[in-house]
Every structure is written in C-alpha cells, then in structure tokens.
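I have placed the structure first, in the form of structure tokens, so that the comments after it can refer back to it.
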DNA sequence: GTCTATAACGTGATAGAC
DNA sequence: GTCTATCACGTTATAGAC
C-alpha cells in the first residue's frame, strides 16, 4: 500500500496514526456517518494523505472491520478449543477475557452488529464463526454433559446466545445502563467487573433447570 | 403538518405511505446511511413530496425514532407497573409481549441502540426509562424478595440487564445467530418463541445462586 | 511524503408548472 | 397535492506543486 518501514522502530508512523484515528471514529459513528475529514483531523494529518495511504474510505474501513472481527473472535477461540481444560474453567476464563477486552474496546460489538445489518453475508463469511463457536471443543463438552444428564437439555445455540448475550449486551446498551443507574464510567466498569464472576454462576444455574 | 383528513377512512394516504416507508428504511440502515431518495422510492412517491409533508429528513427521522422508542417502552411499562399481579406473572407476561413485539419489529433495538451511540443525551431523556424500569412496581417486588431472603442479593440493575439482554440480544445479533445455526427466518422465529417460556425459568434459577 | 486547490459526484431541499 | 427540473452544499478523491 505504501510506506515500507525497515523495522517497527516507531509506532507513530503516519500510516498508523491514520489507522488508529480511523478505528476510533468508525467504531463510534459507523461507516456512513463518518467523514474522511473527521479521520484526518483526528489523526492530525491532511485529508489527501488518507487517500495516499489507503486509496479510499471503503478500503480503510474494510481494514478496520477485519481487525475488529478478529479481535472479537480470536481473543477467545483458543480458549474455546483448548482440549486440556474443563468446561467450567473455559467458562470462567472466557468471561474474564471477554469482559476485559470489551472494557478496553467497548464500541466493537455495536460497531460490528450495526454494519452487519447492512452487509450481512459478505462479512459473516470472513469470520469462521461457526468453527469458532458451535463446532468448538467447548460446545462438544457442553453436549457431552447434556447427554450424560448432568445438565438439562438446552439447545447449544440457546446456550451460546445466553453466554454471549450476558457478556456483550450491557456494553451494547451502555448509554441506557449508565442513564438508568446514574453511573459514571468508573461505576459502569465496576459493574462489568462484577459480572466476570457472576455470569459463570448464573449460566450454571440456568443449566440445572 | 399537512393533509388534514376528516376521518381515518383510508390508511394509505400519501403521508402514511411515506412514514411507513421511512420506518422500514431507517430501521434497516440508520439515519446516516439512509437517503431520502430511498424512502421516496420505497413509498412509491416523488422525492419532493417527502419534503412537502415532513419538511426535512431529520424531522421525519425524529418522528420515526419517537414512535420506535414508545413502542419499545410503552408496550411493557403497564405490565411493569400493574400492582395487582405477582412478580412471577409479570416476568412471564413481559417475556411473551417483548418477544412477540420483537418478532414483528426485529430491527427496532439495533436501530435505537445505533442512533443512541451518537446522540445519547437528547434521546434518553425523552423516554422516561428510569420511571418505567428501575422505579417500577416490578423492581419494587424484586427488592422485597431480596430483603425477605427469598432470592439472592443481586443488584436490581444487574437483574434488569440480564432480563432485557436475554430477550433483546438474539434479535440484535440475529444475522450471526442465523448464520451459525444455519437457520431460516422461520426457524429463527421458532427459537425465539421457545425463549418465551425458557427465559423466566432461567432468570428464576439465576436468582437462587 | 506532505501539502493546497480543485475536480467529480451524491444528496437534501426547493422552485415552479400542472 | 403531485410532479420535473434544478439549485446549493458537503463529501470523496485526485492533480500537481513542493
């Protein structure tokens, strides 16, 4: 694309400044509401440079979207598919990791879901979500427990929706949550941290119904 | 704004055709990605007529947003505040009503949440969400049960996030859910219908941890 | 690589005939 | 009330100097 650097000496190259600014603005406003001028200004560079490095708004956006999707899936797929750990353990690690990731990047889920609504097929195929979730070792362990009668017979898909929903939804609805609870950002984070331990307990309880 | 009709004889007035088309397009694509030409075309009318009836894109959007917010809150606030019914009963009715409403208008939650991300304060104040949710009779009953030791001591806010999240999240993430489950629209609806009975059970189980 | 100036285009809104 | 034609503006992208 441009600028081959001989080493990763300096993290604040122009290209990176633009990409970092683009990530912030796209995450907050989505593709359609974002103007390339916003990104250029946030990056502290000239508008022409954006096109010089990334050719077009869409190309830059696709790059950010791909990275965001990877961040959302890769951060957990290795947990899901670790054959050495128990179901219980996976559940706990997953909640901790996801909530930490979302605390740091709270705009990612709504960003992905909003854009997914307009271009579903193109994007979904990129993330191998079925492989990462429904066909994971985690779900295999889940199904075995169902068969052995240790937990009640819920469809794995229902369980996955509950798991991801309990983790993700508060972040997606954070403006509402903060508003009805009169919460500062710090208080909101604290509430989310509490959920790290609560969600695994809740999910286990749900499985015993 | 225009066209005073002497009676509601005909539901397909031009004004209504535009509003109905606007609702569909705005819900699907959001404010920024929607072009007034899209709405006009969907309504089968001329672009000029849109401005004749609603003066501007923003005015039309505000109208749709207000209606959507009301649909999301009013459909349940009377259930929440019915002083004659039990906590249990409210929980069941709420799930049934919400899931039915969302099955009919599945785009409303993501529409609201997306737009909320850009204009939080302006919108949140419009819906009296605190009155409808946290200060409701439903939450009063919840807190009493906590005090009497019948259920474990979860913060009401955590409980509300779980309740709404379990109901709403699958619709917000429906493209992903359909994709990983290989579900047709009909199968997805069936999955949601199952949740009407499951969610109250799950929530009760969670409260016993 | 970085900038200024500008082209090319899309979109919201209006004027004016019917 | 409804249409066609058009304006006015904002935005993406590029040309060309440095």
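Chains as they are written, first to last, in the numbering used here: chain A, 1 to 209; chain B, 210 to 418. Ideal Cβ placement from N, Cα and C applies to all residues, glycine included. In this text, all values refer to a predicted model and were calculated from it rather than measured experimentally.
The region 104 to 120 of chain A contacting the region 316 to 326 of chain B, beta-carbon criterion three pairs below 8 Å
Contact between the region 104 to 120 of chain A and the region 316 to 326 of chain B is present, because at least three Cβ pairs lie under 8 Å.
Residue 88 of chain A and residue 137 of chain A closer than 9 Å at C-beta:
The sequence position of residue 88 of chain A within the first chain is 88, counting from 1. The sequence position of residue 137 of chain A within the first chain is 137, counting from 1. In this structure, residue 88 of chain A keeps its C-beta atom at 9 Å or more from the C-beta atom of residue 137 of chain A.
What residue range does the alpha helix (DSSP H) around residue 429 of chain B cover?
Beyond the ends of chain B as shown, which are 210 and 418, falls residue 429 of chain B; an answer cannot be given.
Let me know the secondary structure DSSP gives residue 230 of chain B once reduced to three states.
Counted from its first residue, the second chain places residue 230 of chain B at position 21. Three-state result, residue 230 of chain B: helix.
Examine the Cβ distances between the region 353 to 370 of chain B and the region 141 to 156 of chain A and report whether three or more of them are shorter than 8 Å.
No: the two stretches stay apart, fewer than three of their Cβ pairs being nearer than 8 Å.
Between which residues of its own chain and residue 310 of chain B is the CB-CB distance below 6 Å, once the five residues before and five after are set aside?
Position 101 of the second chain holds residue 310 of chain B. Answer for residue 310 of chain B: 284, listed in chain order.
In whole angstroms, what is the alpha-carbon distance linking residue 66 of chain A and residue 127 of chain A?
For the purposes of this step, residue 66 of chain A is taken as the residue at position 66 of the first chain. For the purposes of this step, residue 127 of chain A is taken as the residue at position 127 of the first chain. So the two alpha carbons sit approximately 9 Å from each other.
Establish whether the CB of residue 378 of chain B and some CB of chain A are separated by less than 9 Å.
Translated into the one-based positions of the second chain, residue 378 of chain B becomes position 169. Chain A, which has a Cβ nearer than 9 Å to the Cβ of residue 378 of chain B, makes this yes.
What is the residue span of the alpha helix (DSSP H) that residue 379 of chain B lies within?
Indexing the second chain from 1 puts residue 379 of chain B at position 170. Element bounds for residue 379 of chain B: 365 to 381.
Chain B contact residues for residue 185 of chain A, given Cβ-Cβ distances below 8 Å
As a first step, residue 185 of chain A is located in the first chain; it is residue number 185 there, counting from the start. Here the premise fails: no neighbours, minimum Cβ distance about 13 Å.
Does the Cβ-Cβ distance between residue 409 of chain B and residue 300 of chain B come in under 9 Å?
Translated into positions along the second chain, residue 409 of chain B becomes position 200. Translated into positions along the second chain, residue 300 of chain B becomes position 91. For the 9 Å CB-CB criterion, residue 409 of chain B and residue 300 of chain B form a contact.
Starting from residue 117 of chain A, trace the alpha helix (DSSP H) in both directions and tell me its first and last residue.
To locate residue 117 of chain A, count along the first chain from 1; it is residue 117. Its alpha helix (DSSP H) spans residues 108 to 118.
According to the Cβ coordinates, are residue 161 of chain A and residue 415 of chain B closer than 9 Å?
One-based indexing of the first chain puts residue 161 of chain A at position 161. One-based indexing of the second chain puts residue 415 of chain B at position 206. It is not a contact, given that the beta carbons lie outside the stated cut-off.
In angstroms with no decimal places, state the Cα-to-Cα distance between residue 169 of chain A and residue 12 of chain A.
Position 169 of the first chain holds residue 169 of chain A. Position 12 of the first chain holds residue 12 of chain A. Rounded to the nearest angstrom, the two C-alpha atoms are 34 Å apart.
Exposed unless 16 or more other CB atoms sit within 10 angstroms - verdict on residue 232 of chain B:
The residue you call residue 232 of chain B lines up with position 23 of the second chain. Residue 232 of chain B comes out buried.
Run through chain B and tell me which residues come within less than 7 Å of residue 29 of chain A, C-beta to C-beta.
In the first chain, counting from the first residue as 1, residue 29 of chain A sits at position 29. Within chain B, the residues near residue 29 of chain A are 327.
Could you give the DSSP three-state label for residue 390 of chain B: helix, strand or coil?
Indexing the second chain from 1 puts residue 390 of chain B at position 181. If DSSP states are grouped into helix, strand and coil, residue 390 of chain B belongs with the helices.
Inter-residue Cα distance where the pair is residue 326 of chain B and residue 29 of chain A:
In the second chain, residue 326 of chain B corresponds to position 117, counting from 1. In the first chain, residue 29 of chain A corresponds to position 29, counting from 1. Taking the straight line joining both Cα atoms gives about 8 Å.
Among residues of its own chain, excluding the 5 on either side of residue 17 of chain A, which ones have a beta-carbon nearer than 6 Å to its beta-carbon?
Start at 1 with the first residue of the first chain, and residue 17 of chain A comes out as number 17. The beta carbon of residue 17 of chain A is closer than 6 Å to those of 43 in its chain, skipping five residues each way along the sequence.
Taking 9 Å as the CB-CB limit, is residue 287 of chain B close to chain A?
Counted from its first residue, the second chain places residue 287 of chain B at position 78. No, residue 287 of chain B lies away from the interface with chain A (no Cβ there is under 9 Å from its Cβ).
Alpha carbon to alpha carbon, how far is residue 314 of chain B from residue 183 of chain A?
On the second chain, residue 314 of chain B is found 105 positions in, with the first residue counted as 1. On the first chain, residue 183 of chain A is found 183 positions in, with the first residue counted as 1. The straight-line gap separating the alpha-carbon atoms of residue 314 of chain B and residue 183 of chain A is approximately 30 Å.
Report the option in B/234, B/406, B/412 whose CA atom is closest to the CA atom of residue 317 of chain B.
As a first step, residue 317 of chain B is located in the second chain; it is residue number 108 there, counting from the start. For residue 317 of chain B, the nearest C-alpha among the options comes from B/234.
Quick one: give me the first and last residue of the alpha helix (DSSP H) that residue 140 of chain A is part of.
Position 140 of the first chain, counted from the start, is the residue given in the question as residue 140 of chain A. Start and end: 137 to 147.
For residue 340 of chain B, name the three-state secondary structure that DSSP assigns.
As a working note, residue 340 of chain B is residue 131 in the second chain. In the structure shown, residue 340 of chain B sits in a helix (DSSP, three-state: H, G or I).
Would you identify the three-state DSSP class for residue 302 of chain B, choosing helix, strand or coil?
Your numbering for residue 302 of chain B matches position 93 in the second chain. In the structure shown, residue 302 of chain B sits in a helix (DSSP, three-state: H, G or I).
Considering just the uninterrupted stretch of the alpha helix (DSSP H) at residue 268 of chain B, what are its terminal residues?
Here residue 268 of chain B is taken as the residue at index 59 of the second chain, counted from 1. Here the alpha helix (DSSP H) through residue 268 of chain B covers 266 to 289.
Output, in chain order, the set of chain B residues within a Cβ distance shorter than 7 Å of residue 181 of chain A.
The residue given as residue 181 of chain A occupies position 181 in the first chain. Under the 7 Å cutoff, chain B gives 366.
Pull up the distance between the alpha-carbon of residue 333 of chain B and that of residue 140 of chain A, whole angstroms please.
As a working mapping, residue 333 of chain B is identified with position 124 in the second chain. As a working mapping, residue 140 of chain A is identified with position 140 in the first chain. So the two alpha carbons sit approximately 42 Å from each other.
Comparing the C-beta of residue 230 of chain B with each C-beta of chain A, is any distance below 9 Å?
Walking along the second chain from the start, residue 230 of chain B turns up at place 21. Chain A, which has no Cβ nearer than 9 Å to the Cβ of residue 230 of chain B, makes this no.
To the nearest angstrom, how far is it from the Cα of residue 31 of chain A to the Cα of residue 368 of chain B?
Here the question's residue 31 of chain A lines up with position 31 in the first chain. Here the question's residue 368 of chain B lines up with position 159 in the second chain. If I take the Cα positions, the gap works out to 33 Å.
Is the Cβ-Cβ distance between residue 36 of chain A and residue 51 of chain A less than 9 Å?
Here residue 36 of chain A refers to the residue found at position 36 when the first chain is read from its first residue. Here residue 51 of chain A refers to the residue found at position 51 when the first chain is read from its first residue. Remark: C-beta atoms of residue 36 of chain A and residue 51 of chain A approach each other more closely than 9 Å.
For residue 254 of chain B, report the span of its alpha helix (DSSP H) as first-last.
Counted from its first residue, the second chain places residue 254 of chain B at position 45. Note, residue 254 of chain B: premise wrong, no alpha helix (DSSP H); not H, not E.
Assigned exposure category for residue 257 of chain B - 16 Cβ within 10 Å defines buried
As a working note, residue 257 of chain B is residue 48 in the second chain. Label assigned to residue 257 of chain B: exposed.
Hey, does residue 290 of chain B have any beta-carbon neighbour from chain A nearer than 9 Å?
Translated into positions along the second chain, residue 290 of chain B becomes position 81. False, the Cβ-Cβ gap to chain A never drops below 9 Å.
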